[in-house]
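For the sequence shown, position 136 matches number 136 in the UniProt record's numbering, and the numbering has no gaps at all. Heads up: the structure comes next, in structure tokens.
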Amino acid sequence: MLFDEAMASLSNSVMRGLIVSYPHIFDGLNSLVDVGGGTGTAVKFIAEAFPNLKCTVFDLPHVVAKALKCESFDVVGGNMFEKIPPADAIFLKNVPHDWNDKDCVRILKRCKEAIESNNNGDKVIVVDIIIGFESSDPKATERSLIFDITMMGLVGSKERSRNGMTLSGYSDYKFYPVQLGIYSVY
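In structure tokens form, the structure reads like this:
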């Protein structure tokens, strides 16, 4: 419960910045699946900002059982290591940094399969901290390294760098800094 509330609070500020600064990321999309979307806080922002976009929260069945009750998005239980529902776009917020390198690559490959299996699919949107990403905030590097050390100590994972996408088979990607300094969209 406390974890869900913490993630929802973080989503509130990050998602506002993302939607205000980079609405073009969602242009041309008809469907989006929020993989590891928890209770649906992040996708609720997307669905409300883009009402014609069919949004789905995808997480473990026991997690989505606690999802927000909202008519603006669907909820699907499943395992991202096995199969991700197809969509025009896959959305990952604070997911890659939860996993070791091998599992992170597996997740990103499943995301790629999900967009490739959809005729209009072309986009995986990742919102996370990127190590080595240039920021106008002088404290951003310090905070990103603190998050990196924290994730290593807590779950044996780490924050990602730019070259993680190529390891997963992606050849075309862009990075955008979100206004919160340490977060990036890629």
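Just so you know, even glycine gets a beta-carbon here, dropped at the ideal spot from N, CA and C.
CA-CA distance, residue i and residue j?
i: Lys44; j: Lys102; result: 30 Å
i: Ile90; j: Thr41; result: 16 Å
i: Glu48; j: Asp98; result: 27 Å
i: Val75; j: Ile84; result: 13 Å
i: Arg106; j: Pro23; result: 28 Å
i: Ile25; j: Cys111; result: 17 Å
i: Lys54; j: Leu154; result: 35 Å
i: Ser21; j: Thr150; result: 28 Å
i: Ile46; j: Phe81; result: 24 Å
Just to confirm, is the Cβ distance from residue i to residue j under 9 Å?
i: Gly38; j: Ala67; result: yes
i: Leu108; j: Gly36; result: no
i: Asp59; j: Gly28; result: no
i: Val127; j: Leu18; result: yes
i: Asp122; j: Ile129; result: no
Can you tell me whether DSSP reads residue i as helix, strand or coil?
i: Cys55; result: strand
i: Gly78; result: coil
i: residue 199; result: Here the chain comprises residues numbered 1 to 186, so residue 199 is not present and cannot be evaluated.
i: Ser21; result: helix
i: Ser13; result: helix
i: Lys102; result: helix
Thinking residue i and residue j are a contact (beta carbons under 8 Å), I'd like their distance in whole angstroms, please.
i: Asp34; j: Val57; result: 5 Å
i: Asp88; j: Asn52; result: Contact doesn't hold; Cβ gap of about 12 Å is too wide.
What's the call for residue i, buried or exposed, on a 16-neighbour Cβ count within 10 Å?
i: Pro61; result: exposed
i: Asn100; result: exposed
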